[in-house]
Every structure is written in C-alpha cells, then in structure tokens.
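Residue numbering for the sequence shown follows the working numbering, starting at 451 and increasing by one per position. Backbone N, C-alpha and C fix where the C-beta goes; we use that ideal spot for every residue, glycine too.
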Amino acid sequence: MDDVCTHVSQLTRRNLLKSGTVIAASILALQCGFARAGTAGATEGQPRRGGTLKYANTDTLKPFRDPAAVDSLGASDAVRGVAEFLTRVDENNVPHPHLLESLEASADLKTWTLVVRRGPMFNLPTPREIDAEDVIFNLKRWLDPATGSSMTGLLQPYLKPDGIEKVDERTVKLHLSNPTNSLAYDFFHYAGAIMPREFKGDFIAEPWGTGPFELVEYVPNQSFTLRARKNYWRQGADEQPLPYLDEVVSVDIKSQAPAQIAGLVSGEFDLALGLDVSSYKALSEQPDIVVSKTKSAGTLLFRMRVDVKPFDDPRVRMALKLCQNREQIISLALGDTAFEGTDDMVAPGVDPAWASMDAPKQDLERAKALLAEAGYPDGFETEMRYPAAPEFIGASSQVFAQNASQIGVKINLVPMPAEAYWAKWLEWGFGASYWSHRPLATMLLGLSLRSGAPWNETHFSDPTFEKLLDEASATVSVDDRRKAYARLQPYLRENGPFAEPLFIYALAAHTKRVKNFKATAFRFGIFDETWIET
C-alpha cells in the first residue's frame with residue numbers, strides 16, 4: 451500500500467484529476483492521505499504560535515442559525531473554523547480525508563462505505579468523540595427539505611434516507627439510487643459542516659464542532675471572532691495541537707474596494723478574500739502585499755426564468771445568448787481576472803473533463819431572426835435585476851445591456867443591494883446571478899438546474915438534460931466523463947436558461963507577515979495551519 455500511496459501522492463502533485471481515473475485515484479488518495487491527516491503538511495518556514503489574524507470579509511456576514519442552511523461564504527467561514535467536514539478539497543481541487551478515515555466506492559459507484567476517524571472530539575458541554583450516529587444525523591438533516599439546505603440539491607439525486615445504513619459505531623454504508631462520482635466533493639460543500647447529534651438547530655447558541663476554534667461571537671453584518679481551542683485533534687509541524695493562531699477576527703466590509711485596499715495597506719487587516727478587480731490591481735502594486743489569482747468555476751449568469759414571458763420561449767433565450775460579446779464584457783468588467791464563459795457552466799481548465807469546444811460566438815443576425823420567429827421582430831423591453839456587489843456584476847450587466855440593444859432588446863437594469871437581491875433571487879424573472887466555485891461542473895449543474903432543486907432559480911425542468919447530467923455523474927474516469935460532457939455541453943448551449951459571459955479568478959491578498967495561508971478557488975477562510983510573524 452505504501453508504494454501505491456507514493457504513486458498517488460505523485461499524481462496529486464501533477465494534478466490528480468488529469469490521471470484518467472479520477473474516482474479510483476481519488477479514493478486511493480483518500481485512503482492514503484487519511485493515515486497522515488492528523489498532522490499538518492509542509493509549511494512555509496518555522497511556524498510561530500500566538501497572535502490574532504484579522505481579515506476583511508467581502509461576502510456578507512448574514513444572520514443565520516443552522517450551518518446546513520447557511521447561504522453566505524462569509525457566514526460559512528464562522529462555521530468552518532468551529533465545525534469540520536467529512537472531506538477536504540485542497541487548493542488543487544483534489545479531495546482529501548478529514549473526519550473520515552476512509553471512503554470506498556463499489557465498482558459501479560452505487561455503494562459507498564464511510565469509516566469515521568477516531569480522535570476528533572465535539573466541544574460539547576461534555577466533550578465526546580464523533581461516531582457513525584453523528585454522520586447519519588447530518589445526512590438525514592441534509593436530505594430533509596424542511597432543513598432548507600443546499601446540501602439537499604447535491605445529495606438528493608442519488609441518496610435517499612432509506613439508503614443510509616449504520617454498519618457499526620464507526621461505519622456507515624450508503625446505498626445510492628443513482629451512481630455518483632462527486633461524493634467526496636459534495637461532502638466539502640460549505641453547508642456540509644458536521645454537527646453533533648445533540649444539535650437542535652441554533653449554532654449561535656450551540657456552537658459545537660470538532661474544529662480548531664471556538665466561536666466567541668457572531669454579530670450579523672458586522673464581524674465574528676474565533677478563539678483557538680485547546681487539545682484540537684490535529685497537530686502542527688511543531689508536534690503541538692493546531693491552530694498556531696490565538697484568534698481569528700473577520701470584519702464585514704460590505705464588498706467596498708477602498709476598505710479592502712486601505713485596510714491591508716495600513717495593517718488594519720492581515721488578509722482579504724474575494725477581492726474585486728480594482729482592489730486586486732491596486733494591491734498588486736504594493737511591495738508589502740502578497741496577491742493571488744486562482745482559476746475557478748465561479749461564474750456569472752444572465753439567467754431567465756423559463757416560466758415567465760418572454761423567457762418561456764427558448765428562441766428568446768437563445769437570442770440573448772447570441773447577442774453576448776464576451777471579449778467586450780470581460781475587457782470592460784474584469785480584464786485578466788476573468789476568462790470566457792461557455793453557456794454550459796463547464797469551466798475550461800478547472801473541470802478536467804471539460805470537452806474542448808470554442809466558446810459560442812456573437813451572432814446578431816441569428817439572434818434577430820430568432821426574435822422575429824418568436825413574435826418580436828422589433829425586439830422587446832424588459833428589466834434585469836442584479837446585486838450591486840461585487841462590482842463586476844454591474845459592469846458586466848451594463849455591457850450586456852448594450853449588446854442586447856443591438857438586437858432590439860431594451861434591458862432596464864435594476865441594481866439592488868446584495869442582501870436585498872439574494873433575499874428574493876429565486877423570484878426574479880430576469881437576473882444576473884453569481885455562482886461560487888465548485889470543483890466539478892456536475893455539482894453546479896445539479897444545484898442550479900435540476901427540477902425541484904432548492905436553488906433552481908430559472909425553474910428549468912428538462913428530462914433530456916437530467917439524463918445527460920446523470921450520465922456524466924455516473925462516470926468513473928475523466929475520459930468517460932469528457933465523453934458525457936461532449937453531449938451535455940452542446941445541449942445546454944442550445945437549451946439552457948442562461949447566458950454565461952465569463953468565469954472568474956478567485957482573488958486574495960495578505961500582508962507578508964501572514965504565513966502558510968493557501969488561497970483556493972473556494973475563497974474559504976481556513977486558518978488552522980496559518981500563523982503570523984510579529
């Protein structure tokens with residue numbers, strides 16, 4: 451097994467997901483990695499202990515109670531420091547073990563065996579070790595629509611409550627209704643934090659988890675504070691329990707670029723995640739600031755509800771796709787911090803199974819002809835709502851509206867405070883929505899387009915699409931999934947309910963005194979192995 455582990459480790463460093471047998475290799479990576487998951491990996495020099503890391507949170511710190519229902523990356527950071535996940539996906543988009551000791555799939559990907567790690571302790575009033583009952587408790591909550599969790603949309607297509615079997619105190623077997631290759635990734639979705647079975651639904655009152663920090667306070671729309679926990683189960687490079695930091699403080703800066711720049715330059719903040727493009731460019735010129743740019747599947751959609759006129763007509767939707775001038779939108783809104791969208795949510799260079807296809811081209815004549823066929827020879831007037839932050843959404847929307855005017859469609863733009871937009875985002879007939887990074891396109895597509903999925907903002911319901919998505923989700927190898935994508939991508943480009951102008955890079959920055967922070971496409975605040983030089 452050691453030889454196999456060495457081989458898998460080498461594959462991981464070269465980008466495991468290009469290996470051609472992603473699931474088999476990933477499972478081996480999980481099995482091999484679990485033996486060493488209790489100790490921190492390679493670090494940036496000799497770690498130092500102590501101090502407070504303060505960071506600018508550019509994603510709203512929304513009020514919340516249940517971690518399973520959290521829908522804000524900012525709020526999920528508060529949970530993530532306290533409660534952990536069954537798996538962990540690294541900066542290379544490779545899944546690794548965390549609260550699981552092993553994760554094994556049958557050859558047909560329909561039976562998965564989960565073995566819970568020994569050691570992690572819940573910080574309950576009377577601490578205790580995690581076990582199989584805790585995993586089952588969380589799985590059943592995620593599958594219950596009443597929980598209001600985005601995990602429901604991820605898991606429900608292949609897992610039902612009666613498919614969960616407790617084998618023993620540390621082992622759970624999942625009997626899937628449909629095969630899936632994304633389970634290890636789904637378990638790291640930001641709403642998938644593992645809570646103890648004693649949890650009654652209010653994280654603020656019961657901030658219980660197995661993580662490296664404890665929650666000191668959470669003030670919605672303002673800040674949260676985490677304090678290092680004693681006797682955390684993982685050890686650092688110095689063979690003492692993690693974390694290295696004493697405290698983490700996150701401040702909600704309402705996506706304001708001047709606050710990002712001034713805070714980092716002045717030293718008020720040590721780090722900022724989810725930078726906008728103007729902050730990134732300004733901070734790139736600062737000698738004492740380290741910036742990072744990570745390619746992601748985060749994407750902007752000009753999405754249309756298929757049950758609202760005139761978007762119930764696929765010809766209208768296609769016309770609005772064809773009017774996009776992607777190069778112009780990207781140039782004016784994001785520059786080199788974005789790359790071409792594809793109208794299918796499969797990000798080139800991110801999902802390794804992407805089927806190589808040129809991005810759709812602008813075709814104004816075909817767009818006008820389709821509108822005429824649909825009964826709009828002179829175009830039509832409509833309104834499109836969008837969140838005012840982050841700033842690139844508004845800039846992209848303005849260019850898109852100009853593109854649409856070339857085919858006779860007048861789009862009246864309605865900017866809204868981000869919180870107001872997302873409070874009713876499922877209701878808007880026409881909107882500009884940003885979807886955060888997921889490692890596999892099948893995850894994004896399942897969350898956003900499956901019939902009945904809680905986050906199906908377009909009310910799209912298409913059996914042909916779902917059959918193609920099921921096929922892609924059931925493949926074992928990257929090559930087979932690419933073949934499935936080669937059918938799925940063209941179908942969505944023709945029939946999907948959105949225009950997709952771009953994908954983005956995840957942008958982050960920190961002062962040079964911050965060490966061993968690994969920026970990822972997820973934009974998560976994970977600081978268990980980070981330290982500060984004084």
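Residue closest to residue i, alpha-carbon to alpha-carbon, out of the options
| i | options | result |
| --- | --- | --- |
| HIS887 | GLU697, GLY724, ASP581, ALA949 | GLY724 |
| PHE850 | TRP878, LEU782, LEU624 | LEU782 |
| VAL699 | ALA732, GLY501, SER923 | GLY501 |
| ARG753 | TRP875, ALA870, ARG568 | TRP875 |
| PRO827 | TRP885, GLN774, ARG765 | ARG765 |
| MET866 | ALA969, ARG677, GLU841, ASP738 | GLU841 |
| ARG567 | ARG578, SER552, LEU559 | SER552 |
| TYR668 | PHE653, ALA678, ASP920 | PHE653 |
| VAL539 | ALA868, ALA971, ALA934, THR561 | ALA971 |
| TYR884 | ALA838, ARG620, LEU919 | ALA838 |
| ILE843 | ALA854, ALA822, GLY829, ALA868 | ALA868 |
| GLN690 | GLU983, ASP978, ILE982, THR984 | ASP978 |
| LYS917 | TRP905, TYR935, ASN906 | TYR935 |
| ARG530 | THR563, PHE663, LEU559, LEU750 | PHE663 |
| ASP521 | ILE982, ALA873, LEU559 | ALA873 |
| ALA924 | ALA870, PRO629, ASP594, LYS504 | PRO629 |
| TYR505 | VAL715, LEU919, ALA557 | VAL715 |
Opening and closing residue of the alpha helix (DSSP H) in which residue i lies
| i | result |
| --- | --- |
| PHE915 | 913-923 |
| PHE761 | Neither: PHE761 is in no alpha helix (DSSP H) and is coded neither H nor E. |
| THR892 | 891-899 |
| LEU714 | 707-716 |
| ALA934 | 928-945 |
| GLU869 | 868-873 |
| GLU656 | Run containing GLU656: none; DSSP gives neither H nor E here. |
| ALA969 | Element bounds for ALA969: n/a, residue is neither H nor E. |
| GLU777 | 776-783 |
| VAL800 | Taken as a continuous stretch (DSSP letters only), VAL800 belongs to no alpha helix (DSSP H), as it is neither H nor E. |
| GLY844 | 841-855 |
| LEU821 | 814-823 |
| VAL727 | 727-734 |
Residue interval of the beta strand (DSSP E) (run including residue i)
| i | result |
| --- | --- |
| LYS590 | LYS590 -> not in any beta strand (DSSP E); alpha helix (DSSP H) instead, spanning 582-593. |
| MET601 | Segment 600-605 is the alpha helix (DSSP H) holding MET601; no beta strand (DSSP E) there. |
| ASP540 | Neither: ASP540 is in no beta strand (DSSP E) and is coded neither H nor E. |
| ALA747 | 739-754 |
| LYS504 | 502-507 |
| ASP702 | 697-702 |
| GLU790 | 788-790 |
| PRO904 | That residue, PRO904, is in no beta strand (DSSP E); it is neither H nor E in DSSP. |
| HIS546 | 545-547 |
Sequence-distant residues of its chain with Cβ nearer than 7 Å to residue i (five each side left out)
| i | result |
| --- | --- |
| GLY495 | LYS965 |
| MET451 | With a pLDDT of only 34 at MET451, under 50, the local geometry of the prediction cannot be trusted, and no value is derived from it. |
| MET601 | ALA518, TRP592, HIS639, ALA641, GLY642 |
| PRO947 | ARG753, MET754, VAL756, ARG767, THR908, PHE910 |
| ILE711 | SER729, ALA732, LEU733 |
| VAL565 | LEU550, GLU551, SER552, ARG620, THR621 |
For residue i: DSSP bridge partner residues
| i | result |
| --- | --- |
| ASN681 | Note: ASN681 sits in no beta bridge, so no partner. |
| VAL835 | Before going further, note that residue 835 is Arg rather than Val in the sequence given. Bridge partners of ARG835: VAL864, GLY881. |
| GLU554 | THR563 |
| ALA519 | None, per the DSSP bridge assignment. |
| TYR668 | PHE674 |
| ASP618 | THR621 |
| LEU721 | TYR505, HIS960 |
| TRP981 | LYS965 |
| MET1009 | What is shown of the chain runs 451 to 984, which leaves residue 1009 out entirely. |
Own chain, CB closer than 8 Å to residue i, minus 5 neighbours either side, in chain order
| i | result |
| --- | --- |
| ILE644 | ALA533, GLU534, PHE535, LEU536, LEU549, ILE580, ASP584, VAL585, ASN588, GLY659, THR660 |
| TYR730 | VAL741, LYS743, THR787, LEU957, ALA959 |
| ASP702 | ASN507, THR510, LEU511, GLY524, ASN671, GLN672, SER673 |
| THR561 | ALA555, LYS623, LEU624, HIS625, LEU626 |
| ALA822 | none |
Close beta carbons around residue i, own chain, < 6 Å, minus the five adjacent residues each side
| i | result |
| --- | --- |
| ILE473 | Since pLDDT at ILE473 reaches only 42, below the 50 mark, its modelled position is unreliable, and the value read off the structure follows with that caveat. Here the set comprises ASN631, VAL926. |
| MET768 | LEU820 |
| ALA797 | ALA747, PHE953 |
| ALA824 | ASP763, ARG765, VAL766 |
| VAL1006 | In the structure as shown, the chain begins at 451 and stops at 984. Residue 1006 is therefore absent and cannot be evaluated. |
| ALA949 | PHE752, LEU770, LYS771, GLN774 |
| ASN862 | GLU833 |
| TRP878 | ARG835 |
| ILE980 | The displayed chain sequence assigns Thr, not Ile, to residue 980. Counting only Cβ-Cβ distances below 6 Å, and skipping sequence neighbours, we find ASN966, PHE967. |
| THR471 | With a pLDDT of 33 at THR471, under the threshold of 50, the modelled position of this residue cannot be trusted; read the value that follows with caution. Same-chain partners within the cutoff: SER927. |
Min CB distance residue i to chain C below 8 Å
| i | result |
| --- | --- |
| ALA557 | In the structure shown, chain C does not exist; there is a single protein chain. |
*asked:* Does the structure place the stretch 788-807 close enough to the stretch 938-949 that three or more beta carbon pairs sit under 8 Å?
replied: At 8 Å Cβ cutoff, the stretches touch.
*Segment contact flag, the stretch 615-624 with the stretch 914-930, C-beta cutoff 8 Å, min 3 pairs*: Between the stretch 615-624 and the stretch 914-930, the count of Cβ pairs shorter than 8 Å is below three; the stretches do not touch.
*Counting pairs of Cβ atoms below 8 Å between the stretch 898-911 and the stretch 541-548, do you hit three or more?*
The stretch 898-911 is not in contact with the stretch 541-548.
*asked:* So, does the stretch 701-718 touch the stretch 679-690, judging by three or more C-beta pairs under 8 Å?
replied: With the cut-off at 8 Å, the stretch 701-718 and the stretch 679-690 do not touch.
*asked:* Between the stretch 798-808 and the stretch 726-737, can you find at least three pairs of beta-carbon atoms closer than 8 Å?
replied: Using a C-beta cut-off of 8 Å, the stretch 726-737 makes no contact with the stretch 798-808, since fewer than three inter-stretch Cβ pairs fall below that distance.
*Inspect the CB distances between the stretch 608-616 and the stretch 662-676 and report whether three or more fall short of 8 Å.*
Contact check between the stretch 608-616 and the stretch 662-676: fewer than three CB pairs, one atom from each, fall below 8 Å, which does not count as touching.
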